[in-house]
Amino acid sequence: MKQEQIRRILRNQRDFFQKGVTLDVSFRIRALQRLKASIKRNENAIHKALKKDLGKSAFESYMCETGMVYSEITYMLRHIRSFASDKRVRTPLAQFHAVSFKKPSPYGNVLIMSPWNYPFMLTMEPLVDALAAGNTAVLKPSAYSPHTSEIIRKIIGECFPASYVAVVTGGRAENTCLLQEPFDYIFFTGSQAVGKEVMRQAAAHLTPVTLELGGKSPCIVDRSANLRLAARRIVFGKFLNCGQTCVAPDYIYCDKSICRPLAEEIKKEIIRQFGANPLNNPDYGKIINEKHFRRLTGLIDRKKVICGGSSNPDTLQIAPTVLTNVSFQDAVMQEEIFGPILPIITWHSLEEAIRKVNSLPHPLALYYFTRNRTNARKVMTHCGFGGGCINDTIIHLATSEMGFGGFGASGMGSYHGRDGFDTFSHSKSIVDKKLWLDLPMRYQPYRCFYEKLVRCFLR
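What follows is the structure in structure tokens.
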């Protein structure tokens, strides 16, 4: 799509927003209902597209993509009137007599740029929050997941005019054109490198941004943990979508005394969940493209493999792989893995582990397996991270009751549920002053008595 086409879309959306149609909460509700109905009609096509792009099974596609979007829409439909209503707050006595309130208002024209790893969910969930808040939207799905991008374009075309919601497909050229335009808000999910560029371009227009990035999310395991259950939940979280999940456990950081038994439990669990030959499992997906496949296979140190390590370049598949005797200096620890490779590193004391985690860039997620509640509170309090779990992985993002997002190197801002509505809203602070009384103390000429009154009110 050319620059002028993108500018035309944005002009039309600005005109549409200025009409004030999206300020009507009933209009927003009808829009979300249409979107949900269209997704339901196209559910099988969505799952087929995800199968082509990432090899996802229909079960996993529903659990991690379409089902999550349904849940977010349902939550918003249930709460949108409350979220959008004015909120009365206390008025200081010095402002007597007045009413003070906060008014949630949409930003206007928002840009949502989404990645390829969960291409449907990570496009539609921010859209749900943006529409609930009363914005228009331009969607830019990833060029690496073209089949899902096409079904997104079809669904949006069924539901909305382009002056309300539009889809721009394509690659870097289209991304560059979009970022040159003065959107009112930008919501980006993707890599840290691209996130920095998005923020740099947004700064030229003073456009506020939410950045949902990634990082090396640690999975800390102490000697008190239930190793069998820990292994089961770690394997689920790590190898879901072949490890191509921003909140997947990037590496295990465990007490040295349990390294071997934990590794053995993980090997057993991989066989239990994926079979003796995962590459023949029809429900086990693939790496998104050849570039990432080559990058991942280059991170596998054959001398340290205790499980997996096999791959198929024809199908772009890599078996769930576990590495031991890994240090923070190894190649696999120098970047976010984003694939089915699980290094295990050991520590001698929990204090050492906390210090090391805090010396690294803030991760998007942190997981801690333990039976010791005191230690759990200590890790959750002292470590810096976006969100996480105690004795599980990934599930903290599967709710609309809590916001999801990172900070520092893993991003800024959050969404899901109320947090998502607030992300795409500006809260206007308004004082409605009554006409029947006007306190004279603020006006010149200033008097000693008025100063005493001011000091009485403002202390």
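Just so we're aligned, residue 541 is where the sequence shown starts under the numbering used here, counting upward by one. Where is the CB? At the ideal position from N, CA and C, for every residue including glycine.
Given that a residue counts as buried once 16 or more other Cβ atoms are within 10 Å of its Cβ, and exposed if not, what is glutamine 986? Residue identity differs from the one stated: residue 986 is tyrosine in this sequence, not glutamine. Exposed is the call here.
Quick check on DSSP: helix, strand or coil for isoleucine 840? Three-state result, isoleucine 840: coil.
Please specify which runs of the beta strand (DSSP E), each continuous and at least 3 residues long, are wholly inside the segment 628-714, giving them in chain order. DSSP runs (the beta strand (DSSP E)) wholly in the segment 628-714: 638-646, 649-653, 676-680 and 705-707.
Nearest-angstrom Cα distance between phenylalanine 568 and proline 646? The question names phenylalanine, but residue 568 in the sequence shown is arginine. Cα to Cα, arginine 568 sits roughly 12 Å from proline 646.
Same chain only: Cβ atoms within 7 Å of tyrosine 684, ignoring 5 sequence neighbours per side: For tyrosine 684, where only same-chain residues beyond five positions count, the Cβ hits under 7 Å are Trp656, Ile828 and Asn829.
Measuring CA to CA, which of Met981, Leu719, Lys778 and Arg772 is closest to alanine 905? The shortest C-alpha separation from alanine 905 is found at Lys778.
What residues match up with tryptophan 976 in a beta bridge as DSSP calls it? Paired residue(s): none; tryptophan 976 is not in a bridge.
Decide if glutamate 891 is buried, meaning its Cβ has at least 16 other Cβ atoms within 10 Å, or exposed. Note on glutamate 891: under 16 other CB atoms within 10 angstroms of its CB, so exposed under the neighbour-count rule.
Using the rule of at least 16 other Cβ atoms within 10 Å of the residue's Cβ for burial, across every protein chain shown, is arginine 995 buried or exposed? Burial call: exposed.
What number of angstroms, rounded off, separates the C-alpha of serine 682 from the C-alpha of alanine 598? When rounded, the distance between both Cα atoms is 21 Å.
Taking 9 Å as the threshold (C-beta atoms), are glycine 957 and glutamine 926 in contact? Looking at the sequence itself, residue 926 is glycine, so the reference to glutamine does not match. Note that the C-beta distance between glycine 926 and glycine 957 is not below 9 Å.
May I have a chain-ordered list of the beta strand (DSSP E) segments no shorter than 3 residues that lie completely inside the segment 862-912? DSSP runs (the beta strand (DSSP E)) wholly in the segment 862-912: 881-887 and 905-909.
Can you check the segment 744-780 for any alpha helix (DSSP H) of at least 4 residues that lies completely inside it and give the ranges in chain order? Qualifying alpha helix (DSSP H) stretches, in chain order: 767-779.
For cysteine 929, which beta-bridge partners are listed by DSSP? DSSP, once it has assigned bridges, lists Tyr907 as partnering cysteine 929.
Status (buried if at least 16 other CB within 10 Å, exposed otherwise) for lysine 736: Exposed, since its Cβ has fewer than 16 Cβ neighbours within 10 Å.
Compare the C-alpha of proline 901 against each of Ser757, Thr750 and His587 and name the closest. When each option's Cα is compared against that of proline 901, the closest is Ser757.
Can you have a look at aspartate 626 and say buried or exposed, based on whether 16 or more other CB atoms are within 10 angstroms of its CB? Sixteen is the threshold: since fewer than 16 other Cβ atoms of the shown chains lie within 10 Å of the Cβ of aspartate 626, the residue is exposed.
Please return the same chain residues whose Cβ sits closer than 6 Å to the Cβ of glycine 730, not counting the five positions on each side in sequence. The residues are Pro655.
Would aspartate 669 and glycine 960 be called neighbours here (beta carbons separated by less than 9 Å)? Yes, they are a contact pair.
Compare the beta carbon distance of glutamate 721 and isoleucine 546 with 9 Å and say whether it is the shorter of the two. Result yes, Cβ atoms of glutamate 721 and isoleucine 546 sit closer than 9 Å.
Just how far apart, CA to CA, sit alanine 975 and phenylalanine 636? It is leucine, not alanine, that sits at residue 975 in the sequence shown. Straight through space, the alpha carbons of phenylalanine 636 and leucine 975 are spaced by roughly 11 Å.
Could you name the residues that DSSP lists as bridge partners for cysteine 794? In the DSSP output, where bridge partners are listed per residue, cysteine 794 has Val761 and Thr886.
Taking a contact to mean a Cβ-Cβ separation below 9 Å, would you say proline 644 touches histidine 966 in this structure? Yes, the pair counts as a contact, with Cβ atoms nearer than the cut-off.
Taking the CB atoms as reference points, tell me whether phenylalanine 964 and asparagine 552 lie closer together than 9 Å. Taking 9 Å as the cut-off, the beta carbon of phenylalanine 964 is found no closer than this to the beta carbon of asparagine 552.
Would you mind working out which of Arg834, Ile970 and Tyr983 sits nearest serine 640, comparing C-alpha positions? Among Arg834, Ile970 and Tyr983, the Cα nearest to that of serine 640 is on Ile970.
Would you kindly check if the distance between the Cβ of phenylalanine 909 and the Cβ of isoleucine 930 is under 9 Å? With contacts defined by Cβ atoms closer than 9 Å, isoleucine 930 and phenylalanine 909 form a contacting pair.
Mapping the DSSP letters down to three states, classify tyrosine 725 as helix, strand or coil. DSSP places tyrosine 725 in strand when its eight states are reduced to three.
Start and end residues, beta strand (DSSP E) containing valine 845: Note, valine 845: beta strand (DSSP E), 845-847.
Residue burial classification, leucine 780 (beta-carbon count within 10 angstroms, cutoff 16): Buried.
Alpha carbon to alpha carbon, how far is glycine 816 from tyrosine 907? Checking the sequence, you will find alanine at residue 816 rather than glycine. Going from the Cα of alanine 816 to the Cα of tyrosine 907 covers about 27 Å.
Touch test, the segment 757-777 against the segment 792-806, Cβ-Cβ under 8 Å, three pairs minimum: Yes, since at least three Cβ pairs between the segment 757-777 and the segment 792-806 fall closer than 8 Å, the two stretches touch.
What I want to know is whether the C-beta of phenylalanine 700 ends up closer than 8 Å to one or more non-hydrogen atoms of the ligand GDP. Here there are no bound small molecules, and the ligand GDP is not part of this structure.
Quick check on this structure: which residue in Arg834, Asp854 and Ser867 has the alpha carbon closest to the alpha carbon of lysine 844? Checking every option, the nearest Cα to that of lysine 844 belongs to Ser867.
On the DSSP letters alone, give me the boundaries of the alpha helix (DSSP H) that tyrosine 955 sits inside. Tyrosine 955 -> no alpha helix (DSSP H), and no H or E assigned at all.
Specify, as a first and last residue, the run of the alpha helix (DSSP H) that proline 801 falls within. Unbroken alpha helix (DSSP H) run through proline 801: 799-814.
Comparing alpha-carbon positions, which option in Ser899, Asn584, Arg712 and Leu753 lies nearest methionine 541? A check of alpha carbon separations from methionine 541 across Ser899, Asn584, Arg712 and Leu753 identifies Arg712 as the nearest.
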